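J.:
In the numbering used here, the protein residues as written are 95 to 204.
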């Protein structure tokens, strides 16, 4: 974000912003695919119910099973959320529609 203020070359700034948006949206997509685990983790906060934070770059699938990688990855999720908020506050549009915001709410209704 500091790069935006320092660089007068709008083409390079635009390219960097959109690369960052694409990366964040990819991680957001991977976490959205695990939204059911958030509710499971609230009921049973065990490593078997935690969110995965290691994804295949091409498919977005989990790389390790819970048996292979049974760590709580709360720090990775928190860092992602922190950067997501910082980027949105700086003016980048990372969330495009209400489905991306309401994924968690839909699962609470079930």
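Positions of the beta carbon are idealized from the N, C-alpha and C atoms, including for glycine.
For clarity, every value in this text was computed on a predicted model and none was experimentally measured.
Is it true that the CB of residue 156 sits closer than 8 Å to the CB of residue 146?
T.: Their beta carbons are under 8 Å apart, which means residue 146 touches residue 156 by this criterion.
J.: Quick one, are the C-beta atoms of residue 122 and residue 168 less than 8 Å apart?
T.: Cβ distance not < 8 Å, so residue 122 and residue 168 don't count as in contact.
J.: Using the Cβ count rule (16 or more neighbours within 10 Å means buried), how would you classify residue 158?
T.: Counting Cβ neighbours within 10 Å, residue 158 comes out exposed, since fewer than 16 surround it.
J.: Whose C-alpha, out of 179, 130, 124, 129, is nearest the C-alpha of residue 152?
T.: Ranking the options by Cα distance to residue 152, first place goes to 124.
J.: Could you spell out the range, first to last residue, of the alpha helix (DSSP H) harbouring residue 131?
T.: Element bounds for residue 131: 129-137.
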